[in-house]
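Heads up, the thing below is written out as structure tokens.
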Amino acid sequence: MSTLPVYPWRLAPDGLATRRQLRAAGLRPGGQDVVAQLERPRYRRGPLVAFLYRVDRALPVRPMTEAKQVALTAANTARRTCPTCRRDAGYVIPARLGEFIPCAFPDSEQRAA
């Protein structure tokens, strides 16, 4: 097994990019293996690691299909809908609450009035 070359943070050679950098350029790794990694040291913890891919072997991002758009819209609508009162909250309901804030804390609304 060969080891990957490790570069210091922000000192990667040209022609290599992280997933985020590829995505910003409208590309994706396209099944290629990781060719190197970046490491940024941190105080009292292990280093932050970012994997690098070759830009010349990257493929264009697949376009959004109509079916994917419909599924994504439905999923986002479900995240905004309160399961208790069935209202659209206007924002993504926090997972730790599980319901619209007035439904989660009905007493606090009466005290505020």
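Residue numbers (this note's numbering): 21 to 133.
Beta carbons: idealized from backbone N, C-alpha and C, even for Gly.
Quantities reported herein were computed from a predicted structural model and do not represent experimental measurements.
Rounded to the nearest angstrom, what separates V90 and P83 at their Cα positions? Cα atoms of V90 and P83: separation of roughly 14 Å, rounded to the nearest angstrom.
CB L36 to CB V69, shorter than 9 Å? The answer is no: Cβ separation not under 9 Å.
Consult DSSP for F120 and reduce its assignment to one of helix, strand or coil. Reduced to three states, the DSSP call for F120 is coil.
Give a yes or no on whether the C-beta atoms belonging to A78 and Q52 are separated by under 9 Å. A contact, by the Cβ cut-off of 9 Å.
Taking only the alpha-carbon atoms, compute the straight-line gap between R60 and L72 and give it to the nearest angstrom. Taking the straight line joining both Cα atoms gives about 14 Å.
Rounded to the nearest angstrom, what separates P25 and G66 at their Cα positions? If you take the alpha carbons of P25 and G66, they lie about 18 Å apart.
Per DSSP, what kind of secondary structure is L42 in: helix, strand or coil? It is helical.
Note down the Cα distance separating F125 from T38, rounded to an integer number of angstroms. If I take the Cα positions, the gap works out to 43 Å.
CA-to-CA distance, V54 to R43, given in whole angstroms: If you take the alpha carbons of R43 and V54, they lie about 16 Å apart.
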